[in-house]
Structures are given as structure tokens and as C-alpha cells.
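A short write-up of the structure that comes next.
Numbering (my numbering), first residue to last: 1 to 177.
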């Protein structure tokens, strides 16, 4: 069944179509939620909330772009809503404190597999992880991140630099084991 057919059947109230839509996208969307949540249980809760929003707002999808992209954006926004409610730790620190990057760490980065990198990202503090995901994976600008999270653009940049620095340190530490 195509996305258009699934959407049509879901709008008609078909529970089978809703299940099919959930089954089709839940794995990818769980990966999105996992990047933002501090635990798998939290990610599962956010996934459920995200799909509730998807089904509640399905009539708003206007086929301007991919349906998967629209679902993904809904999931990211759901995660951000939860993060804002939790008031994630977004320290407002001078960006110069996070400026350094180890050359060794940059060389080591190419040796990591994607799943290993995702595990390292999951271990970052909430504020770092959120900004890192929004900037690197979702492609938001620091201005957009600041608007989404209610922080300054400088805070977004600082959180990103600190996340990157911490990741590089973890990568180097991992190689030295």
C-alpha cells in the first residue's frame, strides 16, 4: 500500500491502516526519538506521543514533500516539546571555553561505525545531545535551534561545541582502551 493509500484509509478510520502506517515508520522514528531521549523507555513514550500527533493531524499533510519527512518532523517536534518541558540543561557559557578539538580525535572519527557513534551521542548530557542532533542530523541552524529551545544563539553554539568536544574526547578514550 502506498503512503497516499495509507493516509486515505487512516483518515477513513481504518485501524488496520493505522497499524500498517505505524509498522511502516515506527522503527525509523524510534531511532529519531532515541537520539533525543535519555533512555529507551523515554524514547518509546515520545514515539507514542509522536504517533498520536501524526494521527491527530493527518488531514494537515498536504503532500508537499515526502510523508516520511512530515512524520519525522512531527517526531522531532514532539521530542523538542518534551525536552522543553523537562527544561534540559542548556548552560549559557562563553563559547571560547569549548573551542578546542583534538587532531587525534578527528582522525579517529573516521574509524567509528555509525552505531558506535550513535551510542556515544546517546551518552551526552541532554542539552548537548539535543543541540548536536538538531544541528548535525536535522540540519537546523543555530538561530533555528535557539528559537525552538528558547535559548540564545550563543548558547546553541556553545552546547554544540561542547558536545563535539566531549564526543571527540570519548572517541580518543575509546581508542586508548
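For glycine and all other residues, C-beta sits at the position ideal for the given N, C-alpha and C. Remember, predicted model here, so these are calculated numbers, not experimental data.
Exercise. Taking all protein chains shown into account, do 16 or more other C-beta atoms lie within 10 angstroms of the C-beta of residue 76, making it buried, or fewer, making it exposed?
Worked result: buried
Exercise. Run through DSSP, which three-state label would residue 37 get?
Worked result: coil
Problem set entry | Those runs of the alpha helix (DSSP H) which lie wholly inside the segment 3-79 and span at least 4 residues | 3-11, 15-36, 40-56
Exercise. Where does residue 172 sit, in a helix, a strand or coil, going by DSSP?
Worked result: helix
For this session: Determine the direct distance from the alpha carbon of residue 16 to that of residue 125, and round the result to whole angstroms.
Result: 39 Å
Problem set entry | Distance CB(residue 78)-CB(residue 49) smaller than 8 Å | yes
Exercise. Taking C-beta to C-beta, are residue 128 and residue 162 nearer than 8 Å?
Worked result: yes
Exercise. Can the beta-carbon of residue 71 be found less than 8 Å from the beta-carbon of residue 132?
Worked result: no
Exercise. Is it true that the CB of residue 42 sits closer than 8 Å to the CB of residue 7?
Worked result: no
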